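Chemist: Structure provided below as structure tokens; questions to follow.
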Amino acid sequence: MNRDLVTFLHERLDEEADLARRCDGDGCGKWTAQGHTVDFCQGELAGFHPTIALHVALHDPARVLREVEAKQRVLARHEFSPAIGDPELPWDNRDDCQYDGEPWPCDDLLDLALPYADHPDYPRHP
Ligand SMILES: [Zn+2]
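The following block contains the structure:
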């Protein structure tokens, strides 16, 4: 696993943002749940278990877009710093994260990737 993880994360976040936008995430309003019904702003759908309705409403497209943006900022901070040509040499002779100095990929990137562990393109450790 190397920079493939970063590419993989960008792809997943882009997919989530695209899907949220296709649900009018840029301005349809806030999804809400009331009992067995979810109000999707463009219509309501009933028949959910109340807990499921709350869970669905929690994935309001506007909130998903804010979450994706936050994760993209985290991803942008954690840049790959190769051992070869590393300006920090001779201190660290290894591939690491420019942001936190941890071995690459750092724990923050692995945590960002964890929700996608069941995705067929999920990069596995060598
Ligand atoms: Zn990092």
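Take the position in the sequence shown, starting the count at 1, then add 145; the result is the number in the numbering used here.
Heads up, the beta-carbon is just placed ideally off N, CA and C, and yes, glycines get one too.
On a predicted model such as this, the values are computed, not experimentally measured, just so you know.
Closest by CA to H181, which one among F193, L257 and R208?
Modeler: If we check each option's Cα against that of H181, F193 comes out closest.
Chemist: Does DSSP put P248 in a helix, in a strand, or in coil?
Modeler: It is a strand residue.
Chemist: Do D240 and W249 have their C-beta atoms closer together than 8 Å?
Modeler: Against a cut-off of 8 Å, the Cβ pair of W249 and D240 comes out as a contact.
Chemist: Helix, strand or coil for D263? Go by DSSP, reduced to three states.
Modeler: Note: D263 maps to coil in three-state DSSP.
Chemist: Would you check if the stretch 188-204 and the stretch 221-228 touch, i.e. whether three or more CB-CB distances between them fall below 8 Å?
Modeler: Segments in contact, no.
Chemist: Could you tell me the alpha carbon to alpha carbon distance between A162 and A258, rounded to whole angstroms?
Modeler: Each residue's Cα considered, the two are about 16 Å apart.
Chemist: What does the alpha-carbon distance come out to for the pair P195 and D205?
Modeler: Using only the alpha carbons, I get a separation of about 16 Å.
Chemist: Hey, would you say L254 sits closer than 8 Å to K216, going by beta carbons?
Modeler: No, the pair does not count as a contact, with Cβ atoms beyond the cut-off.
Chemist: Please name the residue, chosen from D184, A202 and A207, that lies closest to D169 on a Cα-to-Cα basis.
Modeler: Minimum Cα distance to D169 is reached at A207.
Chemist: Looking only at its own chain, which residues have a Cβ that is under 6 Å from the Cβ of L199, when we skip the five neighbours before and after it?
Modeler: If we look at L199 and ignore the five residues flanking it on each side, its Cβ neighbours are A178.
Chemist: Note down the Cα distance separating H264 from D252, rounded to an integer number of angstroms.
Modeler: Approximately 19 Å between the Cα atoms of the pair.
Chemist: In chain order, which continuous runs of the alpha helix (DSSP H) of length 4 or greater are located wholly inside the stretch 157-212?
Modeler: Listed in chain order, they are 195-203.
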